[in-house]
Each structure stands twice: as C-alpha cells, then as structure tokens.
Amino acid sequence: MASAPPLILASASPRRLALLQQIGLDPDHLMPADLDETPKKHESPRALAVRLAREKAESVRALANQSDELKSGIILAADTVVAVGRRVLPKAELTDQAISCLSLLSGRGHRVYTGVAVSAPDGKLRTKLVEARVRFKRLSRQEMDDYLQSGEWRGKAGGYAIQGLAGSFVVKLVGSYPAVVGLPLAETATLLAGAGYPVRKGWADAVS
C-alpha cells in the first residue's frame, strides 16, 4: 500500500488540530497562513469564510510547492466567521471588542460560517461552506465581566469559544458543533478523501 501524502494544516489553531486528531488525523506539518482577514466591501459573511479558507490554502500551496518534501502534500485550511445578519464580528483581541460582541450576542441568535478548503498536489482546490445557528441566553453584565476576566475570548471569532466557558451561554445550536469550534469534521473528511487522502488509515489502531 502506498504511503499517505503529507497532510499540511494551514492553521496554528490548537482547536482545529484537536478536532482533526479526534477523527484520527495528525497533520505532518503545521503551516499557518498569515493573511489580511478584512472583509471586502459588500462581501457577505458566507463569501468571506470561503474566500479566506481558499486564500489560506492557496498561500500555503505556493510555499509547499517550493519544497521537494512538501509539494506532494495535501493542504487543509479553514476560516470561521461569526455574524449577526450581514455584520461580521471581529476576532476579538481587545476588551472593548469582546464587550461589544457579547453585548450584541446576548439574548439573540447569530450564525457561524466555517469555510473549508483542501488543496491537492495537482493544484485542484475543493471548498465547502458549513453554516450553524447559535442562540445565546440573555447575559448579565456580571456574566460578561466574569467571562472577560477569563481571557478565553481573546482571538476568537465573535469574542467567545463555544467549547470553553462560553458553552454555558448557549441555549440553542442548530448545525455542526465542530464547525462552530472551527472545523466541520464530516465535510473535512469528505474533502480530504476527495483529494486522495486516506482519512481512515489509522482507525484500526485507534483506542477508544
């Protein structure tokens, strides 16, 4: 049986890495893409998520093609966008941003769009968009202040991490939970398999 091509994750996110490992996939290389993630004028949240995932995959593909070791690799990239209507919420880095996000999300529904892109060695790019709907309970100022003190929100789209403390804010989720965390697993596995990656190669050795 031919050996599997290198799997390259175009992300530094520990959440995406953990999600991949959950389904038995351990990337051979981590090559985060450094892009300007500013939405274009009139760009919808859906289009933004797909574009950024695609551009991350293309950026890392260009780098991988310069290496004899990596050019045969399969590249996986993703981007998650949190939106209220057409308003894209930031990946909060400042306390004021996080307060604004939490205040906006309190007591209402929002959508989380995760774009996934897989680049095969032949240059063919496959993409998928996954949408989930999330509703927060109404948050008290004390709850918001306590969450801000945790620091968990920093760098997270929409200023929260559903897999962490902010899970206690969620009263309803319709769609893929791992997509909200950062990587829809069913769709990712399908894209990787389509690009020729043996996604279940390690399952026989998996330990429950």
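Mapping the sequence shown onto numbering that gives the first Met the number 0, position 188 (from 1) lands on 187, and the numbers just tick up by one.
Cβ atoms here follow ideal geometry from the backbone N, Cα and C, with glycine treated the same way.
Whole-number beta carbon distance between residue j and residue i, since they are thought to touch under 8 angstroms
i, j, result
"residue 183", "residue 4", "Not really, about 22 angstroms apart at Cβ, beyond 8 angstroms."
"residue 131", "residue 151", "Not a contact, Cβ separation roughly 19 angstroms."
"residue 59", "residue 74", "5 angstroms"
"residue 158", "residue 100", "3 angstroms"
"residue 188", "residue 22", "6 angstroms"
"residue 233", "residue 169", "Within the shown structure, residues of the chain are numbered from 0 to 207, placing residue 233 beyond reach of any answer."
"residue 6", "residue 196", "6 angstroms"
"residue 112", "residue 38", "Not quite, the Cβ-Cβ distance comes to about 12 angstroms (not below 8 angstroms), so this is no contact."
Under 9 angstroms between C-beta atoms of residue i and residue j
i, j, result
"residue 116", "residue 199", "no"
"residue 88", "residue 156", "yes"
"residue 118", "residue 77", "no"
"residue 91", "residue 110", "no"
"residue 133", "residue 173", "yes"
"residue 106", "residue 171", "no"
"residue 114", "residue 48", "yes"
"residue 34", "residue 51", "yes"
"residue 56", "residue 124", "yes"
"residue 138", "residue 175", "no"
Cβ neighbour criterion (16 or more within 10 Å) applied to residue i
i, result
"residue 85", "exposed"
"residue 180", "buried"
"residue 24", "buried"
"residue 186", "buried"
"residue 201", "exposed"
"residue 203", "exposed"
"residue 8", "buried"
"residue 104", "buried"
"residue 190", "buried"
"residue 0", "With a pLDDT of only 44 at residue 0, under 50, the local geometry of the prediction cannot be trusted, and no value is derived from it."
field: Contact the region 54–72 vs the region 8–28: 3+ CB pairs below 8 angstroms
entry: Touching, yes.
- request: Evaluate the contact criterion for the region 12–19 versus the region 87–103: three or more CB pairs, one atom per stretch, below 8 angstroms.
  value: Cβ pair count under 8 angstroms is below three, so no.
field: Segments assigned beta strand (DSSP E), at least 3 residues, entirely inside the region 49–107
entry: Those beta strand (DSSP E) runs which fall completely within the region 49–107 and span 3+ residues are 73–83.
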